[in-house]
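Trainee: Order-wise, the sequence lines are chains A and B. Number 193 in my numbering belongs to position 193 of the first sequence; there are no gaps in the numbering. Number 1359 in my numbering belongs to position 359 of the second sequence; there are no gaps in the numbering.
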Amino acid sequence: MAALIDLQGVVREYEIGGERVQALNHVSFTIEHGEYVAIMGPSGSGKSTTMNMIGCLDVPTSGEYRLDGIDVSSLNDNELAALRNKKIGFVFQQFNLLSRTTALQNVELPMMYAGIARKERRERAEAALMRVGLATRMHNRPNELSGGQQQRVAIARALVNNPALLLADEPTGALDSHTTEEILDLFEELHEQGHTIVIVTHEPEVGHRAKRIIRFVDGQVASDSNVGASILAREGSS
Amino acid sequence: MTIRDTLHVAMRSIAANKMRSFLTMLGIIIGVASVIGLSALGEATTLSITQEVESLGTNLLTIDSGSASVGGIGFGPGSQPTLTYSDAQAIQADDPDLSGVSPMVQSNGQIAYGPNNDSVTIQATSADYASMKDLTLSEGAFFTQEEVTQGANVAVLGSDIAQILFAGQTVNPIGATVDIRGLPFTVVGVLTAQNTTGFQNPNDYVNIPVTTAMNEMTGSNYVSSIIVSAQTPAVMNQAEQEITSTLRFTHHLTGTEASDFQIFNQATTLSTLSSSTQTLTDMLSGVAAISLLVGGIGIMNIMLVSVTERTREIGIRKAVGAKKSTVLLQFLIESVALSVTGALIGLILGGGGSEVAGAITHSGNLVTAGPVLLSIGFALLVGIVFGVYPARKAANLNTIEALRYE
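Listed below in structure tokens is the structure:
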């Protein structure tokens, strides 16, 4: 089985005020199915650009990115949208829920774009919300939920299309320490169920809950190391 | 994503901002209501004018004397008497396409019977006049051609006059002798009441033979005008030509000399009137269409604000898999739904207004399919045209930037 994420010599350049800025400078790494990886680094290190790249929100200027064997750099906008819909579940720092719709409708959203019928959508969304422990808050709107509950809705939304990858960008950045623990426990649980999880974070205590940490400095991978006893888990799944 | 889902999403976001959605629609509502209302108004005006002109008779031609000109100032048709009783006889004798000819002398005077009297319009005509104008009598008969030839002192009274003169009297009007401008006239008929059109009240007229009026009242051979009726409306123009050549002959006009009479064709008048009311209707519709256009710009304005305001929502939708075309369609449906809903509300208001106006003026509701389809179609077009730009803007937003938008 091919690696889930395979970056080879990825370069991403931006033009800011007529000047070329290199956000990623020949980045290469692979992530296997079932891994739990944290991408860390200070602001401006390229970790956000890497996240956009892995999440198919952006394409490399040069180099190659394969997601589950698919060459992402050759895809157009609509194909990228379809790929995100099918392969990736996003969890954001600011939750990014639609404020005027209920938790259930928020979770239904990716399935709506996947063209799944109304009835099945409803059933699967309910199941996903139950899985993250929100069985009683399905018909509440985001502003009626606590931060932790909103992030659970976002996780349910990320999982509902059975994506290959759960991609979280600072998922605990807007949460207090107690809620952070709860959310990280949930990630761990999902990891144990076999989900591939990539978390982008600058908080060491969050990063250390992962099994592997990739550190970025100045647009390049500075270190790539396993945390504790995760080597066995990683090899076992690949 | 199915069209039904897209519709659902669009409707939900319209419903989420009810007041703003209503204000956005207001331009379209007013535009459509005014298109419907004003075109119904135009329709009603055209109908009433047409009916009025048609009630005067559509196959009638009126011949007036030429206009007098004193020191370069024209006094209008009939101010210079040129038509005579013998002109009328010549027309009757020469022109085969006519069914009736009536020379007319009109004057005013006092009519009296016993203690009752009234001031009336005395209309002197030929015997043909009754059939040409479709006059019906409630009592007696119209005077005959023989009585006209003789210049008999006979009179046919309008219904109002008969009522005034014979009020409180048991005597039968027919055969009674009334006094008109000091002359005794025998009443031979009373007309049935007619509809009043415009400023004239035909029920207030007294009809006498034209010869009697010329001999005993005006003392001249001239007549005010000659009314002729063509056998069918189709031969109107032909009849007009025949009359022209007859009159030019009797008036000794040759070559390029200008005619000293004028012929008015009811059909021409009718078409002139209806084309001018049509112009009015078109103009009103044009004004209403401009307000629809303004309404459309209002929609575009609000949609642009809405796209900016919902940048983050658009980012989220795109991140979880919405394609450009889906986002485009969602916003396009929103603007079309706004404009079409506005059009439907405007339709109800405009139609209701016309219904009320029609009930008040007794002209009935004159809302026609044309303006209804036109304004709904136009509203749809406005929704699409003014929705495309904001929708494209939404669809082309950069997903990463949209997600970070505060």
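Note that CB positions come from ideal geometry on N, CA and C, so glycine has one too.
On a Cα-Cα basis, can you pick out the residue from Val153(A), Leu159(A), Arg20(A) that is closest to Arg137(A)?
Mentor: The residue with the shortest Cα to Cα distance from Arg137(A) is Val153(A).
Trainee: Mind pulling the chain E residues with CB within less than 8 angstroms of Tyr113(A)?
Mentor: No chain E appears in the structure shown, which is made up of the protein chains A and B.
Trainee: For Leu1270(B), collect the residues of the same chain with a Cβ closer than 6 angstroms to its Cβ; drop the 5 residues on either side in sequence, then sort them by chain order.
Mentor: Excluding residues within five positions, the ones whose Cβ falls inside 6 angstroms are Val1053.
Trainee: Jot down the residue ranges of each uninterrupted beta strand (DSSP E) in the segment 14–53 of chain A, minimum 3 residues, whole runs only, in chain order.
Mentor: Complete beta strand (DSSP E) runs here, min 3: 19–31, 36–40.
Trainee: Helix, strand or coil for Val1388(B) per DSSP?
Mentor: Note: Val1388(B) maps to helix in three-state DSSP.
Trainee: Please compile the residues from chain A whose C-beta is within a distance smaller than 8 angstroms of the C-beta of Ala1010(B).
Mentor: Under the 8 angstroms cutoff, chain A gives no residues; its nearest Cβ is about 13 angstroms from Ala1010(B).
Trainee: If you count every other CB in all the chains shown that lies within 10 Å of the CB of Asn1207(B), and 16 or more means buried, which is it?
Mentor: By the 10 Å Cβ count, Asn1207(B) comes out buried.
Trainee: Is Ile1400(B) close to chain A, meaning its C-beta is less than 9 angstroms from at least one C-beta of that chain?
Mentor: So yes, Ile1400(B) belongs to the interface.
Trainee: Pick out the complete alpha helix (DSSP H) segments inside the segment 94–154 of chain A, 4 residues or longer, and give them in chain order.
Mentor: Correct list: 103–113, 118–131.
Trainee: Can you check whether the C-beta of Arg100(A) is within less than 9 angstroms of a C-beta belonging to chain B?
Mentor: Yes, Arg100(A) lies at the interface with chain B (some Cβ there is under 9 angstroms from its Cβ).
Trainee: Taking 9 angstroms as the cut-off, decide whether the C-beta atoms of Ile39(A) and Leu4(A) are in contact.
Mentor: Going by C-beta atoms, Ile39(A) is not nearer than 9 angstroms to Leu4(A).
Trainee: Under the three-state reduction of DSSP, which class applies to Ala1288(B): helix, strand or coil?
Mentor: If DSSP states are grouped into helix, strand and coil, Ala1288(B) belongs with the helices.
Trainee: Gly72(A) to Ile1316(B), Cα distance in whole Å?
Mentor: Correcting the residue type first, residue 72(A) is Val in the shown sequence and not Gly. Their backbone Cα atoms lie some 20 angstroms apart in a straight line.
Trainee: Return the chain-ordered list of same chain residues with a C-beta closer than 7 angstroms to the C-beta of Leu1183(B), the five sequence neighbours on each side being excluded.
Mentor: Excluding positions up to five away in sequence, the list reads Asn1153, Glu1216.
Trainee: Starting from the beta carbon of Phe90(A), find every residue of chain B whose beta carbon is closer than 8 angstroms, and list them in chain order.
Mentor: Ala1319, Val1320, listed in chain order.
Trainee: Taking 9 angstroms as the threshold (beta carbon to beta carbon), is Asp250(A) in contact with chain B?
Mentor: Residue coverage of chain A in this structure runs from 1 to 238, which leaves residue 250(A) outside it and unanswerable.
Trainee: Of the choices Ile199(A), Leu97(A), Ala168(A), whose alpha-carbon is the least far from that of Val37(A)?
Mentor: It is Ile199(A).
Trainee: Run through DSSP, which three-state label would Phe1261(B) get?
Mentor: Strand.
Trainee: Tell me whether the beta-carbon of Val1188(B) lies closer than 9 angstroms to the beta-carbon of Gly1140(B).
Mentor: Yes, these two residues count as a Cβ contact at 9 angstroms.
Trainee: According to the neighbour-count rule (16 or more other Cβ atoms, all chains shown, within 10 Å of its Cβ), is Met130(A) buried or exposed?
Mentor: Exposed is the call here.
Trainee: Using only the alpha-carbon positions, how far apart do Ala1230(B) and Ile1030(B) sit?
Mentor: Using only the alpha carbons, I get a separation of about 49 angstroms.
Trainee: In this structure, what does DSSP give as the bridge partners for Met1104(B)?
Mentor: Its beta-bridge partners are Ser1225(B).
Trainee: Can you pull the chain A neighbours of Ala1357(B), defined as C-beta to C-beta under 9 angstroms?
Mentor: Neighbours of Ala1357(B) on chain A: none; closest Cβ ~42 angstroms, over 9 angstroms.
Trainee: Which residues in the same chain as Val160(A) place their Cβ atom closer than 7 angstroms to its Cβ, once the five residues preceding and following it in sequence are excluded?
Mentor: Excluding sequence neighbours, Val160(A) sits near Val107, Pro110, Met111, Arg124, Ala125, Ala128.
Trainee: May I have a chain-ordered list of the alpha helix (DSSP H) segments no shorter than 4 residues that lie completely inside the segment 55–90 of chain A?
Mentor: Listed in chain order, they are 77–87.
Trainee: Is Thr1136(B) helix, strand or coil when you go by DSSP?
Mentor: Correct three-state label for Thr1136(B): coil.
Trainee: Under 7 angstroms Cβ-Cβ, which residues of chain A neighbour Glu1313(B)?
Mentor: Within chain A, the residues near Glu1313(B) are Leu98.
Trainee: Report the rounded CA-to-CA distance for Ser48(A) versus Gly1295(B), giving the unit in angstroms.
Mentor: Answer to the nearest angstrom: the Cα atoms are 44 angstroms apart.
Trainee: Can you name the start and end residues of the alpha helix (DSSP H) that Phe1249(B) belongs to?
Mentor: Its alpha helix (DSSP H) spans residues 1236–1250.
Trainee: From Val1388(B), Lys1018(B), Tyr1205(B), pick the residue whose C-alpha is nearest to that of Asn1108(B); which is it?
Mentor: Nearest C-alpha to Asn1108(B): Tyr1205(B).
Trainee: Using alpha carbons as the reference points, say which of Arg1181(B), Ala1155(B), Ile1360(B) lies closest to Ile1174(B).
Mentor: Here the closest residue by C-alpha is Ala1155(B).
Trainee: Is Arg121(A) buried or exposed, if buried means 16 or more other CB atoms sit within 10 Å of its CB?
Mentor: Per the 10 Å Cβ criterion, buried.
Trainee: Secondary structure at Ser237(A), three-state DSSP: helix, strand or coil?
Mentor: Residue confidence for Ser237(A) is low, a pLDDT of 42 falling below 50, so the modelled location carries little weight and cannot support an answer.
Trainee: Can you give me the C-alpha to C-alpha distance between Tyr1405(B) and Ile70(A), rounded to a whole angstrom?
Mentor: Between Tyr1405(B) and Ile70(A), the C-alpha separation is close to 30 angstroms.
Trainee: What does Leu109(A) touch in chain B if you count any residue whose Cβ is under 9 angstroms from its own?
Mentor: In chain order: Ile1316, Arg1317, Val1320, Gly1321, Ala1322.
Trainee: What's the C-alpha gap between Ser1224(B) and Gln1150(B)?
Mentor: Rounded to whole angstroms, Ser1224(B) to Gln1150(B) spans 20 angstroms at the Cα level.
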